[in-house]
Every structure is written in structure tokens, then in C-alpha cells.
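In this note's numbering, the protein residues as written are 45 to 439.
All residues carry an ideal CB built from backbone N, CA and C; glycine is no exception.
Structure first, commentary second.
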Ligand SMILES: *Cc1c(COP(=O)(O)O)cnc(C)c1O
């Protein structure tokens with residue numbers, strides 16, 4: 045059943061990555077904690093086709109998880125990693141070498157900018173950032189030695205939606221590997237491989253896990269030629285994921301549809317409320333008609349997730365702190381995709397270069413990212429209302 049691609053996505057989410065018949069009919073795959081795996085005999089040890097050799101290199105749980113994620117992303121095969129960030133670094137290292145040039149979207153997940161500037165460049169790989177709204181204009185940046193075009197759509201912090209199909213076409217014409225960070229859609233709201241992308245990766249820490257209790261990543265590829273260097277680099281670097289985290293990710297898949305529905309419904313109600321607030325200079329959410337890439341989002345994506353960012357009106361530091369600190373249901377914290385609401389300030393100046401971000405909070409306002417959880421939305425809105433009152437009191 046898990047192999048049956050004819051079923052609709054919701055049906056497959058209930059089945060992918062599990063095989064009760066393999067273990068006494070137990071519904072979920074057992075957590076087999078693994079390092080050493082014993083071989084039947086010396087012949088099995090020397091046989092290159094032996095399925096599992098050592099925990100780090102692949103085990104029953106990674107096979108189940110990677111199979112499910114390849115199915116979710118409509119890909120060929122997957123490699124699991126210990127975090128979303130290691131999925132990014134693994135993918136970049138697998139398809140580049142010294143002397144190459146890589147094009148990276150400016151609205152990337154900020155820690156991947158750190159990896160690119162500090163580590164990739166140390167190994168002689170030239171990194172160039174590009175405007176997320178570039179579309180087919182990316183062709184003008186392609187060089188003889190361009191090895192990778194890296195996308196993230198919608199982007200981090202302000203959610204610019206990229207024209208992935210257009211950029212993928214340019215990559216294909218130049219024999220360049222196209223990679224998409226698909227964490228925002230988590231393989232559920234969008235599948236880049238169906239638009240011809242070579243590689244889709246994501247942080248499963250977010251919506252796949254869904255409960256703020258794991259760090260996990262995955263890289264899914266379109267074909268065997270892309271899989272071979274990816275798997276080899278993962279083996280060479282000793283990259284692997286914990287079996288319990290992968291178990292929780294598989295469990296998260298079963299409720300991905302219902303959770304995403306609730307996240308997005310609550311986010312929509314919060315967005316509606318924020319649109320009436322003078323304290324908010326701008327709202328960043330792909331569902332809004334004036335949002336960067338809104339039309340592309342409507343064309344390519346199935347819907348919204350539970351994230352929205354706001355640009356506060358220019359204000360004093362005291363007013364900013366009063367707003368954030370008076371919120372009870374939006375504690376300050378990194379990450380997103382869980383059942384609980386969060387707020388994270390975004391320091392835009394330090395994470396954009398191709399399209400520089402100017403100003404500071406007293407002249408241009410501060411970007412705050414809200415992750416909307418499953419709380420009653422009337423409580424969430426009342427909390428924000430209290431925040432704005434504190435904002436005015438401190439202004
Ligand atoms: C959080 C995040 C990551 C990194 O995931 P971790 O599991 O925290 O390492 C990568 N990409 C995006 C877009 C993210 O938001």
C-alpha cells in the first residue's frame with residue numbers, strides 16, 4: 045500500500061514509510077536502536093548489496109523515513125541528516141568543488157549564509173547572492189563555472205516567493221544543479237521536484253516533526269545520478285540522523301494535513317486582524333495580493349502555512365521591548381512549525397546583501413516573525429491587542 049501512488053496525498057500520509065507486516069502487525073515501525081548490525085556470514089559481509097551494514101550508514105528506521113520523504117516530495121531517493129542545516133550543507137558540498145561558482149538566493153535561511161560565507165568560500169567555492177524576485181533574469185548571473193543555483197521559496201523572514209520553474213529551466217539549460225529549500229511547504233504545500241528541480245531539502249524540525257522536540261533534516265533527489273554523490277558525501281562526512289527523531293518525524297507525517305490546516309486557519313485570522321492595525325507598517329505573507337511573488341505562490345502552492353511576519357512602525361527600543369515582552373502567548377524563540385505560537389525578531393540588515401536592507405528600528409521599523417500555533421485564535425488576537433497597548437504606553 046505504501047507504494048501505491050494512485051491514492052490521494054492524505055491517504056498516502058497515513059501509510060508512507062511503514063510496513064506492519066514486517067513486524068508482527070505493529071502499526072508503527074519499531075525503534076530499533078542501531079550501531080552494530082551483524083552479518084549472517086563472511087559472504088554477506090563482503091557482498092556490496094547487503095542492505096544494512098552499520099547504523100550510521102543506513103538502518104531500518106532511516107530506510108523507512110527516507111522512503112516516506114522521497115514519496116512525499118515525489119522524488120527518487122532521500123538522505124536523512126541530523127538537522128535541516130546539515131541537509132543544506134550536505135547538498136551544497138555534494139554538488140560543488142573548488143573553483144566553482146554557486147548562486148544563492150538572498151532571502152536564505154541566515155545560518156546557511158554563514159555556512160556559505162565561512163565554509164564554502166574557505167574551500168575555494170565562490171558564492172554569489174541574488175535577488176529572490178530575479179526569475180529568468182538569473183540567466184545573466186550564470187557563468188561557465190556555475191555549479192549550483194540554490195533557492196528557498198518562500199524565503200526566510202519575509203517570504204519572497206521565487207519563480208522556481210523559471211529558474212529551474214535556466215539551470216537545466218546550463219547543466220547546473222538546482223536545489224530548493226522546501227521547509228516552508230514541507231513537501232505538503234509544494235513539491236519542487238514536480239517543477240523539474242534536481243534537489244529538494246528541508247528542515248523536518250519544523251512542520252514534519254510539528255512538536256518542537258526534534259532536530260532533523262532530509263535531502264530528496266530526482267534521480268540516481270544525483271543520489272550517488274549525495275549519499276557518498278554523507279558517508280564520507282559521517283552524516284546520519286537519530287532513529288528516535290526519525291520515528292517522531294514519521295509520526296508527524298500522519299497529522300501533517302490536519303496540523304497545517306489549523307496552522308493556516310489561525311494564521312489567516314491573525315493576518316486579518318493585523319491588517320487593521322496602524323502599528324503595523326507592512327505584513328509579509330504570500331497569501332496577500334501585494335506580497336512579493338503572490339501570483340507565483342497562487343500558481344504553484346496549495347495554500348498557506350502558519351507563518352506571518354510584520355514590520356512594526358518605526359518606534360523606540362522601549363516600545364519594541366514593551367510590545368514583545370508583554371505578549372504571553374508569543375514567547376521569543378527560534379524555529380517554527382510546532383503546535384505553539386512563537387515570535388522571533390529578524391535582523392534583516394545582517395542577512396541580506398544582494399538586496400540590502402536599510403534603516404533601523406527607529407527609522408524603518410523592526411521585522412518580527414510570528415509562528416501561529418493551535419491556540420484559540422481569539423486568545424492570540426487578545427494577546428496581540430495587549431501588546432499594542434503596551435507599545436503605545438511605552439512610546
Ligand atoms: C529552520 C530552518 C532550517 C534549519 O533547520 P534545523 O533543523 O533547525 O537545522 C533550514 N531552512 C529553513 C528555511 C529553516 O527555517
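For residue 121, the beta-bridge partners assigned by DSSP are 265.
Straight-line measurement puts the Cα of residue 410 at about 29 angstroms from the Cα of residue 257. In this structure residue 437 is exposed. Its beta-carbon is surrounded by fewer than 16 other beta-carbon atoms within 10 angstroms. From the listed residues 155, 289, 295 and 305, the smallest Cα separation to residue 71 is found for 295. Here residue 219 is exposed. Its C-beta has fewer than 16 other C-beta atoms within 10 Å.
With contacts defined as CB atoms closer than 8 angstroms, residue 103 and residue 122 fail to qualify as a contacting pair. The beta carbon of residue 289 sits no closer than 7 angstroms to any heavy atom of ligand 1. Counting along the chain, no beta strand (DSSP E) covers residue 60, and no H or E run does either.
Between residue 189 and residue 120, the C-beta spacing is not below 8 angstroms.
The Cβ atoms of residue 227 and residue 151 do not sit closer than 8 angstroms to each other. Scanning 153, 182, 197 and 308 for the CA closest to the CA of residue 382 turns up 308. In the three-state reduction of the DSSP assignment, residue 304 falls in the helix class, which pools H, G and I. The count of Cβ pairs closer than 8 angstroms, one atom from the segment 332-339 and one from the segment 88-100, stays below three, leaving the stretches out of contact. Per DSSP, the continuous beta strand (DSSP E) segment holding residue 222 begins and ends at 221-225.
Note: residue 98 is bridge-paired with 80 in the DSSP secondary-structure output. Out of 385, 393, 112 and 128, the CA that lies nearest to the CA of residue 374 is found in 385. Contact annotation: residue 274 and residue 134 have beta-carbon atoms nearer than 8 angstroms. Of all alpha-carbon atoms in 255, 223 and 182, the one lying nearest the alpha-carbon of residue 244 is that of 223.
The residues 148, 150, 397 and 398, in chain order, have a CB closer than 6 angstroms to that of residue 173 in the same chain once the five nearest residues on each side in sequence are set aside.
A residue is called buried when at least 16 other Cβ atoms come within 10 angstroms of its Cβ; residue 167 does not meet this threshold and is exposed. Runs of the alpha helix (DSSP H) lying entirely within the segment 189-239 and spanning at least 4 residues, in chain order: 208-217. Residue 60 and residue 233 do not touch by the CB rule: their CB atoms are close to 17 angstroms apart, not below 8 angstroms.
Nearest to residue 82 by alpha-carbon distance, out of 74, 68 and 97, is 97.
Non-local beta-carbon contacts of residue 170 in its own chain, meaning distances under 6 angstroms to residues more than five positions away in sequence, involve 145 in chain order.
Residue 115 holds the alpha-carbon nearest to the alpha-carbon of residue 51 among 115, 84, 69 and 66. With distances taken between CA atoms, residue 287 lies nearest to 101 out of 101, 54, 155 and 56. Between the alpha carbons of residue 266 and residue 236 lies a gap of roughly 10 angstroms. For the segment 334-387, the full-length beta strand (DSSP E) segments reaching 3 residues or more read 351-356 along the chain. Taking 8 angstroms as the cut-off, the Cβ atoms of residue 250 and residue 380 count as close. In this chain, the alpha helix (DSSP H) harbouring residue 433 covers 421-438. Counting C-beta atoms within 10 angstroms of its own C-beta, residue 62 has 16 or more neighbours from the protein chains shown and is therefore classed as buried. Note on residue 320: under 16 other CB atoms within 10 angstroms of its CB, so exposed under the neighbour-count rule. Beta-bridge partners of residue 52 (DSSP): none assigned.
Under the three-state reduction of DSSP output, residue 415 falls in the strand class. No Cβ-Cβ contact shorter than 8 angstroms links residue 292 with residue 350. Rounded to the nearest angstrom, the Cβ distance from residue 337 to residue 196 is 12 angstroms, too far for a contact under 8 angstroms.
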